[in-house]
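Here's the structure we're looking at; comments come further down.
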Amino acid sequence: MNLSPSSVLAHARSAEGRKQLRYAGVSVVFVPIGQVLIQLLGKFAFDRNYTLASVVAALILTLPNFFANKYLVWKETSSDNLRTQVLVFWVAAIVGVTFATGLTWLVEQQVHDKAAWIEGSAVFVAQLVGFGVVWVVRYLVLDRWIFKVTHHGEEPGEDDLEMLHGDLPI
């Protein structure tokens, strides 16, 4: 793999590179918005109930995140691959929110009587770990399994795996 500045720039200008940049852009927008929303809702609207804040933030942001992916990231995707993209997005969204919210609940049980900044920091870490674990499992297991099925037993190619790589639901 050549990581010279000219090869990185050439990749960024390719169709695949532009798609990866769009994935990154959607994540760079929605992950911080989701975490800020959880912190604000948890602290001010729900009296330090970050578990409820996690669910509400997911309800607010998942649909806009889906449409951002649909219109910005998947815009050049074939209809067959688009169905796969949509399915994987919603599975990852449901599992990711469930796991991150479950970890948030566990953290809240342990640090609820601590200072607000400690609880908020612990919730932030729990959220990132929760979504991170789901992303890794999705990338290593689900994407490969889906593409093995859609390619009728063939191993997925690098382009196939990159198509789903990197889009966290929140």
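Its first residue numbered 1, the sequence shown is counted upward by one per residue in my numbering.
Even glycine gets a Cβ: it sits at the ideal position worked out from N, Cα and C.
The structure displayed is predicted, hence computed values, not measured ones.
- Collapsing the DSSP output to three states places K70 in a helix.
- Of the candidates A116, Q109, G132, the residue whose Cα lies closest to the Cα of T98 is G132.
- When DSSP states are grouped into helix, strand and coil, K43 belongs to the helix group.
- For E108, the enclosing alpha helix (DSSP H) starts and ends at 79 to 111.
- Proximity to G34 across V136, V141, N49, Q127 peaks at Q127, based on C-alpha coordinates.
- V26 is positioned such that its CB atom lies closer than 7 Å to that of N69.
- In the assembly as shown, V107 is a buried residue. Its beta-carbon has 16 or more other beta-carbons within 10 Å.
- Out of F66, V111, E76, V55, the CA that lies nearest to the CA of V88 is found in F66.
- By the neighbour-count criterion, in which 16 or more other beta carbons inside 10 Å mark a residue as buried, W74 falls on the buried side.
- In summary, A100 is buried, with 16 or more beta-carbon neighbours lying within 10 Å of its beta-carbon over all protein chains present.
- Where S121 is concerned, the enclosing alpha helix (DSSP H) starts and stops at 116 to 137.
- Straight-line spacing of the CA atoms in Q110 and G120 works out to 12 Å.
- Remark: C-beta atoms of R22 and L72 approach each other more closely than 7 Å.
- Rounded to whole angstroms, Y50 and R83 show a C-alpha spacing of 33 Å.
- Pairing A93 with T62 gives a Cβ-Cβ distance under 7 Å.
- Its chain contains I38, L41, G42, F46 as the residues whose beta carbon lies nearer than 6 Å to that of A53, once the 5 sequence neighbours on both sides are disregarded; these appear in chain order.
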